[in-house]
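Novice: For the sequence shown, position 77 (counting from the first letter as 1) is numbered 181 according to this note's numbering, and the numbering increases by one without interruption.
I have a structure here, written as structure tokens, and I will follow up with some questions on it.
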Amino acid sequence: MSTFTLAAKDLVIDAKPGGLGLYQFGSGLAKHYFCKQCGIYPFHETLRMPGHFRVNLGCLDEVDSFSLETTIFDGKSL
């Protein structure tokens, strides 16, 4: 998932009409989208910055996600 956010005007979604599903939990502010066909999680609207999105970089044709630097987040120890 990207560490940066994109404003809605900067996000271009290339999906068939009705191809994306939405799930929400907790406050319902964050919106998590998934592909109804394969289940991949391509992007979400953030809780902390409504109207801004983080994207799954592995879903972008132009990005080799295996060449990106990674950071391990240990949520278990929070």
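We put the beta carbon where it would ideally sit given N, CA and C, even for glycine.
1) So, for Gly-162: in the same chain, excluding its five sequence neighbours on each side, which residues have a beta-carbon less than 6 Å away from its beta-carbon?
2) Quick check on Leu-124: does DSSP put it in helix, strand or coil?
3) Out of curiosity, what's the CA-to-CA distance linking Tyr-137 and Met-153?
4) Three-state secondary structure (DSSP) at Phe-134?
5) Give me the Cα-Cα distance between Phe-157 and Ala-112, rounded to the nearest whole angstrom.
6) What number of angstroms, rounded off, separates the C-alpha of Leu-151 from the C-alpha of Ala-134?
7) Since Arg-158 is in the beta strand (DSSP E), which residue starts that stretch and which ends it?
Specialist: Reading it off the structure:
1) Residues of the same chain with a CB within less than 6 Å of the CB of Gly-162, apart from the 5 flanking positions on each side, are Ser-169 in chain order.
2) strand
3) 16 Å
4) The sequence given here places Ala at residue 134; Phe does not occur at that position. Coil, per DSSP.
5) 7 Å
6) 4 Å
7) Start and end: 156-159.
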